Each structure stands twice: as C-alpha cells, then as structure tokens.
Amino acid sequence: MKAHIARNQNAGVPLALGWNLSAGDRGKLDGMAPAFGMKVLPVSPADAGKTVAQLGEVETRSARTLVLEPGAYPSALVLANFKDKDVDTLLDLMKQAQVNIPLKAVVTPANRSWVFGDLLAHLQEEHTAFTAAKETAKA
Numbered sequence: 003m004k005a006h007i008a009r010n011q012n013a014g015v016p017l018a019l020g021w022n023l024s025a026g027d028r029g030k031l032d033g034m035a036p037a038f039g040m041k042v043l044p045v046s047p048a049d050a051g052k053t054v055a056q057l058g059e060v061e062t063r064s065a066r067t068l069v070l071e072p073g074a075y076p077s078a079l080v081l082a083n084f085k086d087k088d089v090d091t092l093l094d095l096m097k098q099a100q101v102n103i104p105l106k107a108v109v110t111p112a113n114r115s116w117v118f119g120d121l122l123a124h125l126q127e128e129h130t131a132f133t134a135a136k137e138t139a140k141a
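The working numbering numbers the first residue of the sequence shown as 3 and each following residue consecutively.
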C-alpha cells in the first residue's frame, strides 16, 4: 500500500489572502485574478489562529486558538508567491480600480510563520504610525 502525501495545491500559485473584504473589493480582485494566475482566498475570523503559511495549504492545523471578531481589523490583503513586478502591477491596478484595502503586506520568510491575527495587529500598528507621520508632515 502506497502512502499518499497531501500536496499543497497552492505551492507557487500567487495567492491573495483577504481579510474583511467588501463584496465590491472582492469582486474587483476576482476580476484581476486571471491576469496574475492568482487565487483570492478569504480568511475567516476562525482562521485567524493559523499561520500565514498554513492559510494557503490544503490541510492545516491551527497554530493556536484565536478567533477574531469579523470587524476586528479593517480590510487587509496579504500577497504570497508573487513576482515583485507583479506585486507592483497589481497594486497599481487596485489603485486605478479604487479598491479600498488599507492594510497590505507581502509574505516574507520572516512573517510566513506568523499567526494571521498577529500579522493583522502588526499591519494595523504600522498603518496607524504611518498615517500619523503623514498628518504630522502636512502640519
């Protein structure tokens, strides 16, 4: 009897992990997906305890028990397996299409093992600090 190993169907596939996306923004991303060979995967509040790496895998085990309220953070998009030029192109297209997702990140070797909820918290802190610095510079 041969052992069967579950393969990650998303290995190497550009992924957009979406948190709290509006229906309109989700539709726009879905419309852009074929141009990048991208899969848009919504992250549910119950999946907030999984690592960023686990979210794109076929079978996952929860890193810890963490369930967020659906509106705990503003909408966010975490991109994985994209070429740098494709990230830039996607972000430009999102801006042109007026996609409103304030928190954005790219999966890196450093944040790949982070729990998704912790990554959201970190992105929110960075966004708040960046927005405050921008306002201070205007004054």
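The beta carbon of each residue, even a glycine, is placed where N, CA and C say it ideally should be. In this text the structure is predicted, and so the values were computed from the model without any measurement.
Subject >> Which of helix, strand or coil DSSP assigns to P44 >> reply: strand
Subject >> Cα-Cα separation, T110 to D32 >> reply: 23 Å
Original post:
Looking at the unbroken alpha helix (DSSP H) that takes in K106, where does it start and where does it end?
Top reply: Careful: K106 lies outside any alpha helix (DSSP H), inside the beta strand (DSSP E) at 105 to 108.
Original post:
Where does G58 sit, in a helix, a strand or coil, going by DSSP?
Top reply: coil
Original post:
Helix, strand or coil: how does DSSP classify I7 here?
Top reply: Annotation note: pLDDT 40 at I7 (below 50); position unreliable, coordinate value reported separately. I7 falls in the coil class under three-state DSSP.
Original post:
Three or more C-beta pairs closer than 8 Å, one from the stretch 121 to 140 and one from the stretch 83 to 100: is that the case here?
Top reply: no
Original post:
Quick one: is the Cβ of A18 within less than 7 Å of any heavy atom of the ligand NAP?
Top reply: For the structure depicted, the ligand NAP is absent and the ligand set is empty, with no information on it obtainable.
**OP:** Please say whether L125 and A74 have beta carbons closer to each other than 8 Å?
**Re:** no
Subject >> DSSP state of L125 mapped onto helix, strand, coil >> reply: helix
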